[in-house]
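Numbering (the numbering used here), first residue to last: 14 to 80.
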């Protein structure tokens, strides 16, 4: 039975882990700022726990995987 993903609260997206949700980072060569390469400036990335589905297979509200 699918339950909401606890990592993304069912949205399918999480804050970018590379830029911390800012969308920009210091340029690698030190020339100001650059768009984050991981989220492409969108500030969020696909949730790795549910692969963007917002739900995981589980039992109960904690999203524990069924065996």
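Quick reminder that beta carbons are idealized off the backbone N, C-alpha and C, glycines included.
* Asked: Nearest to residue 41 by alpha carbon, out of 33, 50, 35 and 34?
  -> Looking up residue 41 in the chain shown gives position 28. Comparing Cα-Cα distances from residue 41 to each of 33, 50, 35 and 34, the minimum goes to 50.
* Would a C-beta distance cut-off of 9 Å place residue 20 and residue 63 closer than the cut-off? -> As a first step, residue 20 is located in the chain shown; it is residue number 7 there, counting from the start. As a first step, residue 63 is located in the chain shown; it is residue number 50 there, counting from the start. Yes, the pair counts as a contact, with Cβ atoms nearer than the cut-off.
* Cβ-heavy atom distance, residue 18 to the ligand NAP, below 8 Å -> For the ligand NAP, the structure offers nothing, since it holds no ligand at all.
* Asked: How long is the line joining the alpha carbons of residue 70 and residue 59, rounded to whole angstroms?
  -> Reading the chain shown from its first residue, position 57 is the one you call residue 70. Reading the chain shown from its first residue, position 46 is the one you call residue 59. So the alpha carbons of these two residues sit roughly 17 Å apart.
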